[in-house]
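Notes follow the structure.
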Amino acid sequence: MEFKVARNKGVLVLSAFAGVVAVIFVGLMLLSNGSGKIVSASTDGYVYRYQSADSDYGRVLFGKGSSTLPSFKIDDGDVSLSMTYKPQSPNDNYRVERSDDKKTITFLNVDENTNLIYAVSGRNVIKEDIELIQIPTETLTYYYNFEVALKGLTYDIDSAGYVIPTFYDASNNTYAIPELIMTDENGTTSNLVNMVIQRADENDDNKLVATVAPNMQWLTSADRAYPVRIDPSVVKGNAPISSWRMDEGYGATVNDQTDNLNHLTVTNATWQMNGSTSGAEVGKVSVKFDGSGDYLSRTYDADFDFGTASFSVSMWVRIPTNAAGTDVILSRYGGAGFKIYSTDGVVCFGIDDDSTWDPDDTACSTAALNDASWHHVEAVKSSTDSITLYVDAIPVEINATTGADSSLSGTTPTLYLGIDSDGSSNSFEGYIDSVAIFDYARDATQVKADMFVNPQVAQVLGARTVDVATQGLVGYWKLDETSENGCSGGEDSCNSVGDYSHGTFNGNPTIDSTGKYGAGVNFDGTGDYIDLGDIDL
1 MEFKVARNKG VLVLSAFAGV VAVIFVGLML LSNGSGKIVS ASTDGYVYRY QSADSDYGRV
61 LFGKGSSTLP SFKIDDGDVS LSMTYKPQSP NDNYRVERSD DKKTITFLNV DENTNLIYAV
121 SGRNVIKEDI ELIQIPTETL TYYYNFEVAL KGLTYDIDSA GYVIPTFYDA SNNTYAIPEL
181 IMTDENGTTS NLVNMVIQRA DENDDNKLVA TVAPNMQWLT SADRAYPVRI DPSVVKGNAP
241 ISSWRMDEGY GATVNDQTDN LNHLTVTNAT WQMNGSTSGA EVGKVSVKFD GSGDYLSRTY
301 DADFDFGTAS FSVSMWVRIP TNAAGTDVIL SRYGGAGFKI YSTDGVVCFG IDDDSTWDPD
361 DTACSTAALN DASWHHVEAV KSSTDSITLY VDAIPVEINA TTGADSSLSG TTPTLYLGID
421 SDGSSNSFEG YIDSVAIFDY ARDATQVKAD MFVNPQVAQV LGARTVDVAT QGLVGYWKLD
481 ETSENGCSGG EDSCNSVGDY SHGTFNGNPT IDSTGKYGAG VNFDGTGDYI DLGDIDL
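Going letter by letter, the sequence shown gives residues 1 to 537 in full-length UniProt numbering.
Here it is as structure tokens:
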């Protein structure tokens with residue numbers, strides 16, 4: 001079941017299959033700029049249409065598709081996204097209810113103990129949630145598969161061969177799936193939810209399957225209050241004006257992935273191949289700064305002249321434990337401007353609208369980040385109203401009484417990473433990766449997406465690294481073996497995670513090289529089975 005796929009094109013289509021029915025909420029959210037309500041339409045069974053004149057994603061259709069299953073489609077012209085829920089035991093007679101404010105549609109009893117809810121939240125969010133109402137009565141592993149098909153979108157894969165959950169349209173706008181969170185009725189949350197995205201058809205790069213598996217121990221805990229909600233969200237955001245993934249690994253240029261082509265010039269800084277000595281990995285490659293004149297730079301470009309308007313800067317940083325004094329991580333200042341800097345490991349976002357740098361306004365982390373771990377840092381300026389610093393998707397400080405209300409464009413300043421605005425002082429010691437600048441204020445949901453969907457081989461939460469391919473699973477038998485007796489103890493089907501045993505063939509099952517994903521196992525219906533041993537869940 002290994003999945004490898006090249007960067008390709010595609011509309012994002014998601015279909016959900018309930019492996020085992022559980023009492024949870026699986027949500028899909030689209031973030032956009034539209035406003036409006038869900039209204040009725042009369043095509044293809046029960047269909048509800050949401051559309052707004054200023055919406056940037058076109059129309060959204062909710063209802064029964066030709067298969068009589070709940071469906072969700074976002075139509076953005078050359079790009080679209082659709083989702084059809086396919087439960088294990090479909091109920092063709094489910095009921096559809098619409099809230100009085102026309103912002104929520106509920107499909108009741110689409111599966112055992114299961115409701116499907118679509119909602120429009122404000123002007124920017126559309127969610128789909130699967131609600132399961134009571135505690136699981138059987139001790140089984142619960143999972144949901146989302147069948148994904150793409151049109152007008154591209155994606156990348158990580159080093160393990162899994163799809164990185166950020167999809168790009170031709171203009172570099174993104175559809176992203178942030179970290180999954182479970183929440184019970186009492187508000188208790190957990191991120192013990194595994195999600196992997198693989199190709200559904202090895203002959204079609206445009207069809208994918210996303211598998212979501214919540215942690216059963218958490219679900220069945222005596223402390224759980226139901227319903228429980230799991231929220232895999234799809235977040236749409238406008239493209240950055242510059243994005244530097246820093247994946248080159250060689251040379252004197254860091255390429256801007258956007259059409260603005262604001263490439264950075266490397267001075268003294270070195271490429272770092274991330275591995276066992278580099279802390280929690282963010283991507284395959286990052287840039288290392290030794291604190292002695294290393295930096296990246298972009299000479300004056302009007303793309304970064306934000307004046308008094310909003311903007312956001314997203315990046316990953318890793319600060320060593322010996323960090324002391326002031327190190328500038330990013331600067332664009334010349335008569336006015338902004339900086340992101342570290343003082344004894346405390347990271348700050350500062351803005352100043354005059355010719356002497358003494359920041360008029362700052363937003364700083366509450367704790368030092370010099371722990372040699374990767375942290376996601378995002379600085380957001382909302383017009384002349386506020387500045388906010390996020391660390392690992394948490395807003396650590398919001399400064400809502402800004403004094404720097406004049407233009408921050410300055411006088412033809414250079415953009416620097418790793419050194420101060422004079423190009424010589426306050427050199428940064430540490431690592432930087434995946435930097436993006438937006439010409440608008442990212443909101444909390446988008447910042448969360450920025451953190452959890454960057455090209456990384458693992459989710460990074462401070463010093464904690466989580467393997468997204470196995471998180472939440474206690475057993476995983478891929479059935480990808482090419483021959484019998486290939487497991488560590490001579491068994492036939494190897495367990496990839498946890499402490500449970502490998503599987504042993506009984507009867508006469510045979511390995512089939514043409515499985516759904518990779519290889520598979522063929523059972524002839526006359527006593528063939530795989531014995532997984534005595535499993536205590």
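The C-beta atom is built at its ideal place from N, Cα and C for all residues, glycine as well.
- The C-alpha of Thr356 lies about 27 angstroms from the C-alpha of Val396.
- Taking C-alpha positions only, Gly77 is separated from Leu479 by approximately 40 angstroms.
- C-alpha of Arg332 to C-alpha of Glu131: approximately 47 angstroms in a straight line.
- When Gly503, Gly475, Tyr476 are compared, the shortest CA-CA separation from Asn485 is found for Gly503.
- Apart from the 5 residues on each side of it in sequence, Asp201 sits with its Cβ closer than 7 angstroms to the Cβ of Lys207 in its chain, given in chain order.
- DSSP places Met216 within a helical segment (H, G or I) once states are collapsed to three.
- Within the DSSP bridge table, the entry for Cys364 names Cys348 as partners.
- According to the DSSP secondary-structure assignment, Arg298 is paired through a beta bridge with Leu415.
- Its chain contains Ser310 as the residues whose beta carbon lies nearer than 6 angstroms to that of Tyr440, once the 5 sequence neighbours on both sides are disregarded; these appear in chain order.
- C-alpha of Arg224 to C-alpha of Thr106: approximately 24 angstroms in a straight line.
- In this structure, the alpha-carbon of Asp247 lies about 5 angstroms from that of Val285.
- Leaving aside the five residues that flank Asp294 on each side, the residues in its chain whose CB is nearer than 8 angstroms to its CB run, in chain order, Thr267, Asn268, Ala269, Thr270, Lys288, Gly418, Ile419, Ser427, Phe428.
- Collapsing the DSSP output to three states places Thr258 in coil.
- Bounds of the alpha helix (DSSP H) holding Thr445 are 444-452.
- When DSSP states are grouped into helix, strand and coil, Phe107 belongs to the strand group.
- Met315 places its beta carbon 8 angstroms or farther from that of Ala393.
- Around Thr482, the same chain offers Ile511, Ser513, Ala519 as residues with beta carbons nearer than 8 angstroms, after the five sequence neighbours per side are excluded.
- For Tyr529, the beta-bridge partners assigned by DSSP are Asn506.
- Scanning Ile164, Asn93, Asn172, Thr412 for the CA closest to the CA of Asp303 turns up Thr412.
- Counted as a single uninterrupted DSSP element, the beta strand (DSSP E) harbouring Gly430 occupies residues 429-438.
- DSSP places Phe304 in the helix class (H, G or I) of the three-state scheme.
- With respect to the C-alpha of Asp443, the residue from Tyr431, Val435, Ile387 having the closest C-alpha is Ile387.
- Sixteen is the threshold: since fewer than 16 other Cβ atoms of the shown chains lie within 10 Å of the Cβ of Leu261, the residue is exposed.
- A straight-line Cα-Cα distance of about 8 angstroms links Asn173 and Phe167.
- Between Asp524 and Asn506, the gap from beta carbon to beta carbon reaches 8 angstroms or more.
- Annotated three-state conformation of Ile157 is strand, per DSSP.
- Around Pro320, the same chain offers Asn370, Ala372, Glu429, Gly430 as residues with beta carbons nearer than 7 angstroms, after the five sequence neighbours per side are excluded.
- A Cβ-Cβ separation of about 4 angstroms places Ile197 in contact with Ala210 under the 8 angstroms criterion.
- For Gly335, the CB contacts under 7 angstroms within the same chain, skipping 5 residues up- and downstream, are Ser355, Gly410, Thr411 in chain order.
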